[in-house]
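Participant: This structure is in structure tokens; I'll ask about it shortly.
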Amino acid sequence: MSKRLENLICIVTGAASGIGRAIVKEISQEGGVAIGIDIQEKEDPEVEMYSADISDEFSVDKVIAEIYNKYKRIDVLVNNAGIWAEGTVETTSLETWERIFAVNVRGTFLVSRAVIPYMKAQKSGSIINISSNYGLVGGLNCAAYVASKGAIVLLTYSMALDFAPYGIRVNCICPGTIDTPIIQEPMKRMSKEEIERITASRIARHPLGRIGKPEEVAPGVVYLASNRESSFVTGAVLSIDGGYVAR
Ligand SMILES: NC(=O)c1ccc[n+]([C@@H]2O[C@H](COP(=O)([O-])OP(=O)(O)OC[C@H]3O[C@@H](n4cnc5c(N)ncnc54)[C@H](O)[C@@H]3O)[C@@H](O)[C@H]2O)c1
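The sequence shown lines up with residues 8 to 254 when you count with the working numbering.
Below is the structure:
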């Protein structure tokens, strides 16, 4: 029996760590050709990695052209790379606000813009944007992040409408809290008591009673990438959040 993503050329941004790394592994296991893009220069024996800052127009256009010239098609794009910063509107610096939007929103725009002409020419493609539970509900002390993730949800709807006539499906995944460096790094600067408090409160906010693992997000990507399984799915928002936004 053929695998779910047999021979599909799949680009994943932010593939060097966390959810992106789990996604490229799952794609490879399902027979796809996983190609990672990340700002971190990391060798990975399991996946072909390209180094680029997705907020930089020139680097994005160059790396996508390079990948297309090698494979002559692009079937799937997973806009996964993202950054987080804490702060309310009062305490977020303009520099932080702009960097969050540059990576999370402009990055999603730039990589999609570079890939879409190839998908249009093929008359097929699947774009999967990784937003967040914080793209659907507000969050305390992370105003820029929440605003950027909300923008990704509505960008998904708009892209789904604009490119449906070309056979390109555009969907979005909203993970809840997932155990990756994006949540682990800030905890390195916290006291033991603070970490215990934050961990308990995170667990309490997820009705399934725990936070998630990157490997629990990746199968959602495979479903949305597979034209056999999700051929009539576009403009969808798939929550993989242990029930977080159901409250
Ligand atoms: N972990 C969570 O709790 C959680 C929850 C909801 C949504 N998300 C989203 O999932 C996505 C993946 O996050 P993660 O948890 O795996 O975090 P992570 O920090 O482990 O991975 C993010 C990856 O993106 C890369 N990256 C950052 N800026 C980049 C840039 N300018 N250009 C290219 N690559 C860049 C990083 O180097 C890293 O490899 C993010 O969009 C994040 O907002 C995460």
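Glycine is no exception: its CB is placed at the ideal position from the N, C-alpha and C atoms.
Have a look at A59, A158, S133, G132 and flag the residue whose alpha-carbon is nearest the alpha-carbon of N140.
Facilitator: Comparing Cα-Cα distances from N140 to each of A59, A158, S133, G132, the minimum goes to A158.
Participant: Count the other CB atoms within 10 Å of the CB of E53; is the residue buried (16 or more) or exposed (fewer)?
Facilitator: exposed
Participant: Looking only at its chain, what residues have a beta carbon closer than 6 Å to the beta carbon of R11, apart from the 5 residues adjacent to it on each side?
Facilitator: E37, V229, S233
Participant: Pick out whichever of N148, I74, E236, P221 has its Cα sitting closest to the Cα of C181.
Facilitator: Nearest Cα to C181 within the set N148, I74, E236, P221: P221.
Participant: Check whether the Cβ atoms of V83 and V118 sit closer than 7 Å, and answer yes or no.
Facilitator: no
Participant: Between the alpha carbons of T187 and I26, how many angstroms are there, rounded?
Facilitator: 7 Å
Participant: At 4 residues or longer, what runs of the alpha helix (DSSP H) sit wholly inside the segment 99 to 136?
Facilitator: DSSP runs (the alpha helix (DSSP H)) wholly in the segment 99 to 136: 101 to 108, 114 to 129.
Participant: According to DSSP, is M197 helix, strand or coil?
Facilitator: coil
Participant: Between E55 and I42, how many whole angstroms is the CB-CB distance? I'm expecting something under 8 Å.
Facilitator: Taking C-beta atoms under 8 Å as the contact rule, E55 and I42 qualify, at a distance of about 5 Å.
Participant: Could you tell me the boundaries of the beta strand (DSSP E) in which R176 lies?
Facilitator: 175 to 182
Participant: Hey, how far is the Cα of R255 from the Cα of K79?
Facilitator: Past the boundaries of the shown model lies residue 255; the chain is included only from 8 to 254, so the question cannot be answered.
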